[in-house]
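Novice:
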Amino acid sequence: MSSTLSPEVKQLIDRPNFAHLATLMPDGSPQSVPVWVGREGDRIVICTAETSLKGKNTRRDPRVALSVVDFDNPYEEVQIRGRVAERRADLDLKVLDPISHKYTGKPFPFRTPEGRVALIIEAEKVRYQKLPFLHTPPK
4 MSSTLSPEVK QLIDRPNFAH LATLMPDGSP QSVPVWVGRE GDRIVICTAE
54 TSLKGKNTRR DPRVALSVVD FDNPYEEVQI RGRVAERRAD LDLKVLDPIS
104 HKYTGKPFPF RTPEGRVALI IEAEKVRYQK LPFLHTPPK
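Oh and the sequence shown: position 50 is 53 in this note's numbering, straight run, nothing missing.
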């Protein structure tokens, strides 16, 4: 059953914060990679190539986990478990380009569209927290 994302979670995803996406390898071990992330309503969007580990792993097993930490305040974060509910071909980069603009201010620079896919993720478990700390590591 998919979860509704709270306004705080939506804002965290909508800002240019990196996410870490965990997928499952064929032997069941986790594989984690930093990714750009987008959103369509309560669904999370990750763009990749079908031939990437993300693409291969989620085709075989759609279960994923994501964590997003706020770039400016690392004590604000969300942890999401869910599954890839849809694989959408993105040969014209219409899904990827707006996400690229969010992070770089420009269209995605690598224009070879072969095998590009948008992974549409439905969240099943969502845990958001914002701790009352200031990020002041010693110099």
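Think of the CB as a built atom: it goes at the ideal place given N, C-alpha and C, for glycine as much as any other residue. Bear in mind the structure is a predicted one, so any value in this text is a computation, not a measurement.
My assumption, with CB atoms under 8 Å, is that C50 sits in contact with I83. Please give the rounded CB distance.
Specialist: Position 47 of the sequence shown, counted from the start, is the residue given in the question as residue 50. Position 80 of the sequence shown, counted from the start, is the residue given in the question as residue 83. Not really, about 17 Å apart at Cβ, beyond 8 Å.
Novice: Are three or more beta carbon pairs between the stretch 25-40 and the stretch 58-74 nearer than 8 Å?
Specialist: Touching, per the Cβ criterion.
Novice: Measuring only the C-alpha atoms, how far is T61 from F74?
Specialist: Here residue 61 refers to the residue found at position 58 of the sequence shown. Here residue 74 refers to the residue found at position 71 of the sequence shown. Straight-line Cα distance between these residues: approximately 27 Å.
Novice: Could you tell me if K109 is buried or exposed, where buried requires 16 or more neighbouring beta carbons within 10 angstroms of its beta carbon?
Specialist: On the sequence shown, residue 109 is found 106 positions in, with the first residue counted as 1. Exposed.
Novice: Taking only three categories from DSSP, how would you classify P65?
Specialist: Along the sequence shown, one-based indexing puts residue 65 at 62. Of the three classes helix, strand and coil, the one that applies to P65 here is coil, per DSSP.
Novice: How close, in whole Å, do the beta carbons of K59 and V36 come, if the pair is a contact with beta carbons under 8 Å?
Specialist: On the sequence shown, position 56 is the one that residue 59 refers to. On the sequence shown, position 33 is the one that residue 36 refers to. No, K59 and V36 are not in contact; Cβ-Cβ is about 12 Å, not under 8 Å.
Novice: Short of 6 Å in beta carbon distance, which residues of its chain neighbour E11, apart from the five on each side in sequence? Order them along the chain.
Specialist: In the sequence shown, residue 11 corresponds to position 8, counting from 1. Y131.
Novice: Check P10 in the structure and name its three-state DSSP category.
Specialist: On the sequence shown, position 7 is the one that residue 10 refers to. Reduced to three states, the DSSP call for P10 is helix.
Novice: Using three-state DSSP, classify S35 as helix, strand or coil.
Specialist: Within the sequence shown, the letter at position 32 stands for residue 35. Three-state DSSP puts S35 in a strand.
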